[in-house]
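Residue numbers (the UniProt record's numbering), protein chains in the order written: chain A, 1 to 325; chain B, 1 to 325. All C-beta atoms in this analysis are idealised placements derived from N, C-alpha and C, irrespective of residue type, glycine included. From a predicted model like this one, the values you see are computed outputs, not experimental measurements.
There are 2 protein chains.
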Amino acid sequence: MANIREIAKAAGVSVATVSRVLNSHPYVSAEKRRRVEEAMRRAGYSPNSNAVHLSTGRTGMVGVILPFSHHPYFHALLGGLMEEALKHQYTALLCQTNYEAGEERRYLQMLRTKQVDGLILCSHELPWAEIAAYAADGLLVACEPVRQEGISCVYTHHYEAFLTGMRYLIRRGHRNIGFCIGRRDSESSRQRYAAYADALQEIGRPVQPEWIFEGCTDLRDGMRVMDRIAAMESRPSALLVTGDEAAAGVLARSRQLGIAIPGELAVVGFDNQPISEALQLTTIDQHLQEIGRQAFGAFYHGIVQPGAAPRRMEVPFALVERTSV
Amino acid sequence: MANIREIAKAAGVSVATVSRVLNSHPYVSAEKRRRVEEAMRRAGYSPNSNAVHLSTGRTGMVGVILPFSHHPYFHALLGGLMEEALKHQYTALLCQTNYEAGEERRYLQMLRTKQVDGLILCSHELPWAEIAAYAADGLLVACEPVRQEGISCVYTHHYEAFLTGMRYLIRRGHRNIGFCIGRRDSESSRQRYAAYADALQEIGRPVQPEWIFEGCTDLRDGMRVMDRIAAMESRPSALLVTGDEAAAGVLARSRQLGIAIPGELAVVGFDNQPISEALQLTTIDQHLQEIGRQAFGAFYHGIVQPGAAPRRMEVPFALVERTSV
DNA sequence: TTGAAAGCGCTAACAA
DNA sequence: TTGTTAGCGCTTTCAA
């Protein structure tokens, strides 16, 4: 409706002065500031963002790419990220891909058309090489380890984290250890699997394919896993589960089936999500909130220091001992 | 990076011509069009949206306000809406509120700052009167019946839909009918409850408070309801459930408990979601996709005919008979 | 069929 | 401390 010129006229000042109070610059007399604010209030004025963004070349928005946002994993990541964004007056724009490459491409395009200053990728469908092509148009941050020119990254060392989990179970006397994994095809998944296999090798045990469960992300997946284990003649005595949500499903079903935890089956989860505390589940905390915070930090660093080299940052994990082992 | 002026220079034409090919105007010679396209391709050019939006006064974006998007209810609504939006070259911007009024206000503010051309509200926290104050800044469409100056609406007649469901159960001989409802405080919920109570009155039965279950939205809620019913001495013989997701939970748990459907308990769901077909659940289809389509249609009508009066549109529902009654 | 030029609403360098 | 003014990148008359 009203624009800065009309406000200036109403307040009897120049547009520059109005712009100054809009951006809380110093060097505006108290009296003029008051008059400008009054004029804005009366006009119900809000600046046109398109004009602001065009003029400044910045949008104050960062896109966050994820498949969906309702899983506790992304929820935690987002929590830390948005908290940090808020602190620096940035707005996070949720970009849901539903695991579709086409959607992801549309969001990358937003970088090129200057709708966001950068993109934080919590997941990705496209190959990193294709994504990196957009580095010229804005900042790119990944929440997993990537080695690509122009992309910053913040990540957990999944190999070490899972090795830690495995050795912990082994120290507690387990030899027959099963493994639940989420999506198979990510780099992190490969690292996790490698740690699982290597740890078994350390104690001279072969990998038992029937003890490896793929596609475990939510509660119901975990319940299904427990059903399958219950039906086995030779069961594992322990389970390393990629997410707490799935681990919670294992626990829930085991109770229904009357299988004792940890007596008959020890369980180590991953992520230290709220549900794991409620269920007293031993888990590995990869500090997702911190990853989210650092991811925004890496983005913001690139904003504040244009031309700065991409960051690589490993966030430490921690084993949280409770009563499921 | 590159802007329209550089493309014009590279192609040896004026910026107006470049703008014309950008917007596929007629009256551009084939030869110049080719040269411009070639120049754009070589420069990897994409127009700056902020400049486009500022200049045109339109953004080609519509915000869709909802608490979250992963529930089948919103999924269906969004499906129809986005399909229609795509058809008219509009982009839907998902605005998740998590049921927080503050978030909703921030999204309304986007209307004022011209980041979106309109807002379609699939849910709302703020009172309609407060929302209507933004009608001056863009188009407002609600997915429920509202009577407020400046707001269009597309809706199901929930009272009639639930009356239909109740009478259907009554015709099938039921007298002891329970009722599952989602959130209590919406206008639709009130209508649904009124239909439930009125139908009981028609057959001279009182409302039994213990047969009314609130807060039923997902599968697990439905399972809990079934557990409670199973524990009752005097059980209802039929259940009218606000959403198919919750109804599916009732069915799932009843199977585990060995309670026959529809023999011991008849169930009517709502929404005709995919899961209801899988489970052969009798349900009331409120044609959510159509509501989504019409909601976008109401918005788009306001774009195409500026100044047009807000629309009110009732979408018909239909009872889908399957085997749970 | 084409181009020159005046905006769209704001920011920021510069001068005062 | 304030105002003038030249952009930011695009669209769209208007005249040719």
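Closest Cα partner of residue i within the set the options
i	options	result
Glu160(B)	Arg42(B), Tyr193(B) and Pro67(B)	Tyr193(B)
Thr217(B)	Thr242(B), Ser234(B) and Val207(B)	Thr242(B)
Glu84(A)	Pro316(A), Val36(A) and Phe299(A)	Phe299(A)
Val36(B)	Thr156(B), Thr56(B) and Arg5(B)	Arg5(B)
Arg172(A)	Ala238(A), Asp221(A) and Ile65(A)	Ala238(A)
Asp137(A)	Leu126(A), Gly307(A) and Val315(A)	Gly307(A)
Ser123(B)	Glu149(B), Thr164(B), Met166(B) and Leu77(B)	Leu77(B)
Arg183(A)	Ile177(A), Ala199(A), Thr97(A) and Phe213(A)	Phe213(A)
Phe74(B)	Cys95(B), Glu38(B), Tyr196(B) and Gly60(B)	Cys95(B)
Met110(A)	Tyr45(B), Ser189(B) and Ser188(B)	Tyr45(B)
Tyr107(A)	Gly102(B), Ala92(B) and Arg147(B)	Ala92(B)
Leu257(B)	Glu277(B), Arg224(B) and Leu281(B)	Arg224(B)
Arg167(B)	Ile203(B), Leu121(B), Gln191(B) and Ala252(B)	Ile203(B)
Thr164(A)	Cys180(A), Met232(A), Ser188(A) and Ala199(A)	Ala199(A)
Lys32(A)	Asn48(A), Glu104(A) and Ala11(A)	Ala11(A)
Asn272(A)	Glu321(A), Leu139(A) and Gly79(A)	Glu321(A)
Ala278(B)	Glu290(B), Asp244(B) and Ala309(B)	Asp244(B)
Met61(A)	Leu81(A), Phe179(A), Val154(A) and Lys9(A)	Leu81(A)
Glu100(A)	His158(A), Phe179(A), Leu66(A) and Val15(A)	Leu66(A)
Ser152(B)	Gln201(B), Arg41(B) and Ala132(B)	Ala132(B)
Val64(A)	Asp117(A), Ala39(A), Ala309(A) and Pro310(A)	Asp117(A)
Ala2(A)	Arg235(A), Arg147(A) and Arg41(A)	Arg41(A)
Phe162(B)	Pro262(B), His53(B), Val15(B) and Leu319(B)	Leu319(B)
residue 391(B)	His158(B), Asp185(B) and Ala8(B)	The shown model of chain B, from 1 to 325, leaves out residue 391(B), and the question about it has no answer.
Arg175(A)	Ser188(A), Gly222(A), Ser186(A) and Arg235(A)	Arg235(A)
Glu233(B)	Asn50(B), Pro310(B), Trp211(B) and Leu119(B)	Trp211(B)
Contact list for residue i against chain A, beta-carbon separation under 8 angstroms
i	result
Arg105(B)	What Arg105(B) touches in chain A: nothing, since even the nearest Cβ is about 13 angstroms away.
Residue i, buried or exposed, once every other Cβ within 10 Å from all chains shown has been counted against 16
i	result
Met226(B)	buried
Lys69(A)	In the sequence on display, residue 69(A) carries Ser and not Lys. With 16 or more Cβ atoms within 10 Å of its Cβ, Ser69(A) is classed as buried.
Arg255(A)	exposed
Arg112(A)	buried
Gly302(B)	buried
Val21(A)	buried
Leu240(A)	buried
Ala260(B)	exposed
Gln115(A)	buried
Ser29(B)	exposed
Glu104(A)	buried
Ala248(B)	buried
Pro206(B)	exposed
Tyr27(B)	exposed
Thr323(B)	exposed
Thr56(A)	exposed
Neighbour list for residue i in chain A, Cβ cutoff strictly below 7 angstroms
i	result
Phe68(B)	His70
Neighbour list for residue i in chain B, Cβ cutoff strictly below 7 angstroms
i	result
Asn50(A)	Asn50, His53, Leu54 and Lys114
Near the ligand MN: residue i beta-carbon under 8 angstroms from a heavy atom
i	result
Phe296(A)	Absence of the ligand MN is noted for the structure shown, with no ligands found whatsoever.
Are at least three pairs of beta-carbons, each pair with one atom in the segment 259-275 of chain B and one in the segment 130-143 of chain B, less than 8 angstroms apart? no
Can you give me, in chain order, the residues of the segment 247-262 of chain A that have a beta carbon less than 7 angstroms from any beta carbon in chain B? none
Can you list, in chain order, the residues of the segment 113-143 of chain A whose Cβ is nearer than 8 angstroms to any Cβ on chain B? Thr113, Lys114, Gln115, Ala136 and Asp137
Listed in chain order, which residues of the UniProt domain "HTH lacI-type" (2-56) of chain B have Cβ atoms closer than 7 angstroms to some Cβ of chain A? Ser46, Pro47, Asn48, Ser49, Asn50, Ala51, His53 and Leu54
Near-chain A residues of the segment 77-106 of chain B - C-beta to any C-beta below 7 angstroms: Leu94 and Gln96
Using 8 angstroms as the threshold, is the segment 78-97 of chain B in touch with the segment 6-26 of chain A, meaning 3 or more CB pairs across them? no
When you compare the segment 305-323 of chain B with the segment 276-294 of chain B, are there three or more beta-carbon pairs, one atom per stretch, that lie closer than 8 angstroms? yes
Within the chosen definition, does the segment 128-135 of chain A reach the segment 275-293 of chain A through at least 3 CB pairs nearer than 8 angstroms? no
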